[in-house]
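Enquirer:
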Amino acid sequence: MPLPEQNKISNNVYNAQFANLSAGTVFIPLLTKGRITRIAITVDANPTTTATVITPLIDAVQMQINGANATITIPTTNAAGTVVNFNPTGNNVFYAGSAIRLTSNGASANAATLRGFVSVFVDQSGS
Amino acid sequence: MPYPSIKRIDEVTYNAMFNDVSAVETIYIPVCSAGFINRIGVTISAALTGADTNITITSTGVNPPTVLGAPAILTLPIAGSAAGAYYEIILDEGFYLNLGDCVVITSNGASTNASAVPATVSLLSNSGQGR
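Residue numbers (the numbering used here), protein chains in the order written: chain A, 99 to 225; chain B, 1264 to 1394.
Pasting the structure below:
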């Protein structure tokens, strides 16, 4: 067993679910100031025909990786329970009253019956 | 008021929701960091009827959750069930998940409610052994 990753006292988790991954947005209200360090997403079946792409935003601003706007792709090879991790490095700081917006493009053929499960890891230390 | 339990500094809580725990349904909770899962609580939104519902807890990790060495199954009995009823399962120490793993929770849908019974799940995780 690898050594566990030591959670910081300032770590917190928010959860949300997509009732289905048709084109639409899930909102997660944020209660404090902090920084999103990871978004973990899984689905209850593999997307068919076309990958599902989810755009992560805080309010209307898209999160970035290495200075570029970034998205989360759930490929058609993604089985139920397989987790896609997204680690933003830019536009990931939020304030109380903000909301995370996760917008699905609904591209997979089975999007209407595909559920999505989201965990968002945040660091509230303000750093 | 009873004394509050002291929150460990490395604890985080995950949440998820069954649309209808009286139907066969599986929900997934991806973890955001490697660590131990100790405790899972479930609250139902209406009384269950017909038969007890069993909720089985597994994972996509290599390390299956157990209770006293047996598979982790939480029974939601129809006896005494009501909106807001709380049920809890304490897992054996050592249920460890890596980053990229999921907790997988499945209802057997044995109860026979005519209307959907949403249920909320909370899950306690920390970085080290013990509770």
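Ideal placement from N, C-alpha and C gives every residue a C-beta, glycine not left out.
Everything numeric in this text was worked out from a predicted model, so none of it was measured.
Against chain B, with Cβ distances strictly below 8 Å, would A/Ala138 count as a contact?
Expert: True, the Cβ-Cβ gap to chain B drops below 8 Å.
Enquirer: Quick check for students: name the residue ranges of the beta strand (DSSP E) that lie wholly in the stretch 135–176 of chain A, counting only runs of 3 or more.
Expert: Qualifying beta strand (DSSP E) stretches, in chain order: 150–156, 170–172.
Enquirer: Would you tell me roughly how many angstroms separate the C-alpha atoms of B/Ile1300 and B/Ser1322, rounded to the nearest one?
Expert: If I take the Cα positions, the gap works out to 11 Å.
Enquirer: So, are the CB atoms of A/Val220 and B/Thr1276 less than 8 Å apart?
Expert: Result no, Cβ atoms of A/Val220 and B/Thr1276 do not sit closer than 8 Å.
Enquirer: Where in the stretch 99–131 of chain A do unbroken runs of the beta strand (DSSP E), each at least 3 residues long, occur, reported from the N-terminal end onward?
Expert: Within the stretch 99–131 of chain A, the complete beta strand (DSSP E) runs of at least 3 residues are 109–116, 122–127.
Enquirer: Name, please, each residue of chain B whose Cβ falls closer than 7 Å to the Cβ of A/Asn185.
Expert: Those within 7 Å of A/Asn185 in chain B number zero; the least Cβ separation is about 10 Å.
Enquirer: For A/Asn208, which residues of its own chain have a beta-carbon under 6 Å away from its beta-carbon, when the five flanking residues on both sides are left out?
Expert: Within the same chain, A/Asn208 has close Cβ partners Thr146.
Enquirer: Under 8 Å Cβ-Cβ, which residues of chain A neighbour B/Thr1276?
Expert: Here the neighbours are Val111.
Enquirer: Have a look at A/Ala121 and A/Ser206 and give me their C-alpha separation to the nearest angstrom.
Expert: About 10 Å.
Enquirer: Which residues in chain B have a C-beta closer than 8 Å to the C-beta of A/Ser217? List them in chain order.
Expert: Correct list: Tyr1277, Ile1292, Pro1293, Val1294, Cys1295.
Enquirer: Give the interface partners of A/Ile156 over in chain B, defined as CB-CB distance under 9 Å, in chain order.
Expert: None at all; the shortest Cβ gap to chain B is about 17 Å.
Enquirer: When the Cα of B/Leu1339 is compared with those of B/Gly1313, B/Phe1358, B/Tyr1359, which residue comes out closest?
Expert: Among B/Gly1313, B/Phe1358, B/Tyr1359, the Cα nearest to that of B/Leu1339 is on B/Gly1313.
Enquirer: Helix, strand or coil, according to DSSP, for B/Ala1382 in the structure here?
Expert: Of the three classes helix, strand and coil, the one that applies to B/Ala1382 here is strand, per DSSP.
Enquirer: Can you give the Cα-Cα distance for A/Ile126 and A/Ala197, rounded to whole angstroms?
Expert: Cα to Cα, A/Ile126 sits roughly 5 Å from A/Ala197.
Enquirer: Label B/Ala1377 either buried or exposed according to how many other C-beta atoms from any shown protein chain fall within 10 Å of its C-beta, with 16 as the threshold for buried.
Expert: The residue in question, B/Ala1377, is exposed, as its Cβ has fewer than 16 Cβ neighbours within 10 Å.
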